[in-house]
Structures are given as structure tokens and as C-alpha cells.
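**Student:**
2 protein chains.
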Amino acid sequence: MTKRIPSPHRPRVLAPIERVAGLDYDVLDELLGYSLRRAQVAIFHSFYEATRGLGVTPPRFTAMVVVGANPGISQSTLGSVLGIARSGAMTLTDWFEARGWVERRRAPSDGRAWGLHLTPRGEKLVAGMKRRVAEGDLKRAASLTAKERRELLRLLGKLAG
Amino acid sequence: MTKRIPSPHRPRVLAPIERVAGLDYDVLDELLGYSLRRAQVAIFHSFYEATRGLGVTPPRFTAMVVVGANPGISQSTLGSVLGIARSGAMTLTDWFEARGWVERRRAPSDGRAWGLHLTPRGEKLVAGMKRRVAEGDLKRAASLTAKERRELLRLLGKLAG
DNA sequence: CCAGATTGTAATGGTCTATAACAGTCCCGC
DNA sequence: GCGGGACTGTTATAGACCATTACAATCTGG
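Note that the protein sequences, when read in sequence, are chains X and S.
If you read the first sequence in the working numbering, its first letter stands for residue 141, the second for the next number, and so on.
If you read the second sequence in the working numbering, its first letter stands for residue 141, the second for the next number, and so on.
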């Protein structure tokens, strides 16, 4: 057993999935799943550039935005928005609280629930991230016209809805 | 410490992400990332229906299709197609081999590499899966017209490319 | 023939998230 | 009012997935 230097905590970085030349992709090109996956990885790449060094993953970003836009939201509801279990929403909240970005305050109308609120520091952070992520998103979609981009959003919404 | 029944091995099932009524989604609806994610989860749901009981995840499905269409492909190349590291491609191959779906044969031109091939059983399985996944994909996209579906595929390809 | 690149492999660890169980709280019908 | 069922946050545990690192065998180009 040799000594190992522990790997640093790093958010996962998905490299863009290159198309391999001369390979037969068979039905994959006709399926929405594989195309969605490739597009998502590409977008994640620009997302990562936009949040470099903050340790913010897409779910975390989504959470921050939702808490910012809906102060007092409960952890359970946050979990629903993200599509994760309550326990996951809790881990997420702990992570934010440890960094002083979000704080839990007792919900006035429900003794069980916590209401989530951005701290001033969280506010500042999420504002900057929103700007940078939106920029990166647009840059990544530069190969699309504005009309195509809107159409893409519409179709994705229809698919998910 | 109470006794616990070990949870069964189960592929991850992502429930569809419902839109929470009365919630402010802020910029999320304007970003490709969140829309892609929701669409992907929706598609995964139909994918899961189509491969129920086989333990086949999207990357595994992709791998099977690619191996089927490119007999003799190396593990490294397979990893590139999937966007994962060599070590991951190996775990994947082990999984297939343990089920008798794929076999490794020495590559004639390179003493280091293995060539991957579907077994007869693998051939049969992948054929059935391809059919069912394509069906599920179409059913999931039933809210789109054929033209919209083609347009969606085109736009996703542009985005990823 | 040799240096450097590439292939498969093994060991290890990190991250994310689910499941289960629990206590406290809420709600609704009686 | 009150009692059962539903819901909230929490904790503990475990599984799935994947990267990194290191290593031996093999290939390639000068």
C-alpha cells in the first residue's frame, strides 16, 4: 500500500462529450435521451465556468435561486422543486448554512417547518451567479439564433410538462 | 441500533419533477440548464418503463447500442462515447460480461486492447430494448408534433456540437 | 532500440441521493 | 376537544456512479 495524497474536494467536472469520428451511433441520434444528455453536458460545462471556485453545482444553483425568489420556502418544497428527497434538501440546506448563504428561520404558521432565507451575503452571491450563468448560457447557445433558442426552451418545456 | 433490511439493488428511479404551483421560478425558466434537466428526467422516466427489470441505465443502454453497432470497439473508445473515464468503461464492461451480454476478445492488431462484442443473448436483448426505448421515447414526445420533435433533435444537436 | 504514449486494470475515495425510522407538529372528522 | 393519519425535519445507513492514481504490458515513432 503506497501513500496517497487525498484528492481535493472538487465539484464534478464533466468534460464535453466529443463525437467519435467514424463510429456508428445507430439509433442514438434519433433518441431524445442521448441528445438531451449531450446537450446537458455541454451546458454544464459553461455553467461550471460561470461558477468556478464556488463549489456550486446545478442543483445548488437552482436551490439558491428558488430560495431567493421565494423567501420562507420550506425544505420539503425545495426538495420538490429539485426533484430530490427531503433528506437531500436538508443536506443541501446544511451546506448553504455552513457557508452563511442561507439561514433557517422558524416558520410562523407551522411549528414543524423551517423557512429558508438568503443572508445578505447569499443575496449578493446569487445575484452575481444569476448574471454569470445567464451569460454563459447565452454564450453556449451562440450557435443558435435567438428564435431557435426560444423555440428550444418551448419544446423542452412541452416535453417536461 | 435497530435491525434493518438491506435495500434491494435497484436502478435509480427519478420521479418526474412536478412544477410547484404558486412558486416563483425566477430566471430558471429562461435558462437552458434547468429546462434540459426537467426534460431529461421526464425522458428517463419513460426509459425506465421501457427497460423495467433489466437494471439497464441510460449509459448502459448507450453502451450496448454502440457495442452492437461497432463490434470490436475498445473499452477506451467506449468510454469516450459515454463521456466517462477508462476505469468506468471497465466497470461497465464487467457488468455486461457478468450477465453474458458482452464478451471481450483480444484485439488482433493491438495486444493491449480488448475488442468488445455482443453475445447472441446480448444481440437479442439490445434489439428488444432499442425497439421499446424508441417506442417510449415517441410516446413521451407525443405532446410534440413530428416536426417539432425533429426540430428539437436538431437544436439539441447544435447545442451539444 | 528506447522514450513516451496508450490500454486495461485495481484500489481507493468522494459525491450525490435514496430509504427507513423517529419525534414533533398539524389537520380533520367525529 | 381529541385521536388517527399525514406531514416536517432530522439522523443513520447504504448504494450507485464516477474520478483519480498508480502500475504493468504493449505499441509507436524517431
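Where a beta carbon is used, it is the ideal one built from N, C-alpha and C, also for glycine.
As the structure is a prediction and not an experimental result, all values here were calculated from the model.
Please report how far the alpha carbon of S220 of chain S lies from the alpha carbon of G173 of chain X, in whole angstroms.
**Tutor:** Near 17 Å, if we compare the C-alpha coordinates of G173 of chain X and S220 of chain S.
**Student:** Would a check of beta-carbon distances place L222 of chain S closer than 9 Å to chain X?
**Tutor:** yes
**Student:** Could you check how far apart the C-beta atoms of K298 of chain S and L265 of chain X are, in whole angstroms? I think they sit under 8 Å.
**Tutor:** Not really, about 32 Å apart at Cβ, beyond 8 Å.
**Student:** The beta strand (DSSP E) that contains W189 of chain S, what's its start and end?
**Tutor:** Residue identity differs from the one stated: residue 189 of chain S is Glu in this sequence, not Trp. Segment L172 to A190 is the alpha helix (DSSP H) holding E189 of chain S; no beta strand (DSSP E) there.
**Student:** Quick one: is G301 of chain S buried, meaning 16 or more other Cβ sit within 10 Å of its Cβ, or exposed?
**Tutor:** exposed
**Student:** Per DSSP, which residues does V242 of chain X bridge with? Please list them.
**Tutor:** X:L258
**Student:** Looking at the secondary structure, which residues open and close the alpha helix (DSSP H) in which P304 of chain X lies?
**Tutor:** Residue 304 of chain X lies beyond the residue range present for chain X, which begins at 141 and ends at 301; the question has no answer from this structure.
**Student:** Which one of X:D250, X:E243, X:W241 and X:P199 has the shortest CA to CA distance from A225 of chain X?
**Tutor:** X:P199
**Student:** Since D277 of chain X meets chain S, which of its residues come closer than 7 Å, beta carbon to beta carbon?
**Tutor:** L171, L172 and G173
**Student:** Does the structure place the stretch 268-276 of chain S close enough to the stretch 247-256 of chain S that three or more beta carbon pairs sit under 8 Å?
**Tutor:** no
**Student:** List the residues of chain S that T202 of chain X touches, going by C-beta distances under 7 Å, in chain order.
**Tutor:** L168 and Y174
**Student:** Identify the residues that DSSP records as bridge partners of I213 of chain S: which are they?
**Tutor:** Residue pairing of I213 of chain S in beta bridges, as defined by DSSP: S:L256.
**Student:** Is the Cβ of K264 of chain X closer than 9 Å to any Cβ of chain S?
**Tutor:** Closer than 9 Å: no.
**Student:** Where do the ends of the alpha helix (DSSP H) carrying R159 of chain X lie?
**Tutor:** No alpha helix (DSSP H) contains R159 of chain X, which DSSP labels as neither H nor E.
**Student:** Along the alpha helix (DSSP H) that carries L284 of chain S, what are the first and last residues, could you check?
**Tutor:** Where L284 of chain S is concerned, there is no enclosing alpha helix (DSSP H), given that its DSSP letter is neither H nor E.
**Student:** Under 8 Å, CB to CB, which of the residues in the stretch 223-244 of chain X have a partner in chain S?
**Tutor:** G223
**Student:** With distances taken from CA atoms, which of X:V196, X:F201 and X:Y188 is nearest R280 of chain X?
**Tutor:** X:Y188
**Student:** In chain order, what residues of the same chain lie with their CB nearer than 8 Å to the CB of L171 of chain S, ignoring the 5 residues before and after it?
**Tutor:** none
**Student:** With a cut-off of 9 Å, does the C-beta of R192 of chain X fall near any C-beta of chain S?
**Tutor:** With 9 Å as the cut-off, R192 of chain X does not count as an interface residue toward chain S.
**Student:** Is there a C-beta anywhere in chain X that falls below 9 Å from the one on R178 of chain S?
**Tutor:** Taking 9 Å as the CB threshold, R178 of chain S lines the interface with chain X.
**Student:** Mind pulling the chain S residues with CB within less than 9 Å of V273 of chain X?
**Tutor:** V167, L171 and G173
**Student:** Round the Cβ separation of L256 of chain X and L222 of chain X to the nearest angstrom and send it over; I've been treating them as touching at under 8 Å.
**Tutor:** Between L222 of chain X and L256 of chain X the Cβ distance is about 13 Å, and since that is not below 8 Å, they are no contact.
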